[in-house]
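If you're matching positions, the sequence shown starts at 1037 in this note's numbering and goes up one per residue.
What follows is a single structure, written as structure tokens, with notes after it.
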Amino acid sequence: MQFPFEPGKNIKLRARFNRDAAAHLYESPLAADQKLTEVDDKVLLEATVLDTSQLRWWLLGFGAAVEVLAPKGLRRELSQVAKEMATLYTN
């Protein structure tokens, strides 16, 4: 899997974080229009961000503490990376 290295376009990111993983987003917002909604023990993030390789690396750094909900293309990409990683650890 290769990530694009060109400047990204704006996307509307929706992601569900574990409460502990989301704590820093209250003090250091990801975007000016960031919205955080607490639901049970999770935090829903909604923000307009640039679609870049840095975004992917940032999200992947949270491991299982984050689930990307939208956009669907980004969700599929990260799902594929997670499957490839799981294969490395099961063989």
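Heads up, the beta-carbon is just placed ideally off N, CA and C, and yes, glycines get one too.
Note that the structure is predicted; figures quoted are calculated from it, not measured.
Rounded to the nearest whole angstrom, the CA to CA distance from R1050 to D1077 is 17 Å.
In this structure, the alpha-carbon of E1063 lies about 35 Å from that of Y1125. Contact check for K1071 against P1107 fails: the beta carbons are separated by 8 Å or more. Ranking A1118, M1121 and V1085 by CA distance to the CA of P1043 puts V1085 first. Per DSSP, the unbroken beta strand (DSSP E) holding K1071 starts and ends at K1071 to V1075.
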